[in-house]
């Protein structure tokens, strides 16, 4: 039960989402990824990968850097994203120590995901899941488990479907203003989902 309380606290911590990297994201944007009742959190020994229509973004244990960001082409609108799994390992099993590292790591991983494609953050129809793997008994075990994001998508076969999806994302982007100041990308969402 404490784990799920920690996940609820994550939502509030993410509402203060700022980044020492080039990307800064407004708090309400990240909070909307996990609206009450719109996400699910699961505890599992080991994450089981879906068989089809997924792109996996891998990170190392304790690292926010996505190792294979080129696995996704943000110009390809034939993949309609409908669900994203965010996968962690519950290690150290000392919840207080894990909790302290969890929020910063999550913020940094979300910023990395935004750099790959803003649709992952903009599209409020995407369902989010959080998976906490509990198998690791030591740091070596934890390093062997998967960490990162699993993007689930549907193939959009018709030109009409692709056009609709692209136009929908373009409309979402109209509410998103990107400014560049001193070489840094600053993002702010205006009137989104109001």
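Residue numbers (my numbering): 915 to 1108.
Using N, Cα and C, we set each Cβ at its ideal position, and we do this for glycine too.
Please read all numbers here as calculations on a predicted model, not as lab measurements.
Between residue 1065 and residue 995, the C-beta gap is smaller than 8 Å, which places the two residues in contact. Contiguous alpha helix (DSSP H) elements confined to the stretch 1030-1066 occur at 1033-1036 and 1053-1058, taking only those with 4 or more residues. Taking a C-beta distance under 8 Å as the contact criterion, residue 1037 and residue 1070 do not qualify as a contact pair.
For residue 1000, the enclosing beta strand (DSSP E) starts and ends at 993-1003.
Between the stretch 986-994 and the stretch 1049-1063, the count of Cβ pairs shorter than 8 Å is below three; the stretches do not touch. Rounded to whole angstroms, the separation of the alpha carbons of residue 1062 and residue 1056 is 13 Å. A straight-line Cα-Cα distance of about 38 Å links residue 974 and residue 1073. For residue 1080, the uninterrupted alpha helix (DSSP H) run begins and ends at 1073-1088, by DSSP.
Of all alpha-carbon atoms in 1080, 1019 and 1003, the one lying nearest the alpha-carbon of residue 1033 is that of 1080. With respect to the C-alpha of residue 958, the residue from 1043, 1054 and 1075 having the closest C-alpha is 1043. DSSP lists 980 as the bridge partner or partners of residue 973. Residue 979 is classed as exposed because its beta carbon has fewer than 16 other beta carbons within 10 Å across all chains shown. Contact between residue 1019 and residue 1046 fails: their C-beta atoms lie close to 13 Å from each other, not under 8 Å. Within the model, the alpha-carbon separation for residue 984 versus residue 1006 is close to 31 Å.
Under a 10 Å Cβ-count criterion, residue 965 is classified as exposed, with fewer than 16 other Cβ atoms of the shown protein chains found around its own Cβ.
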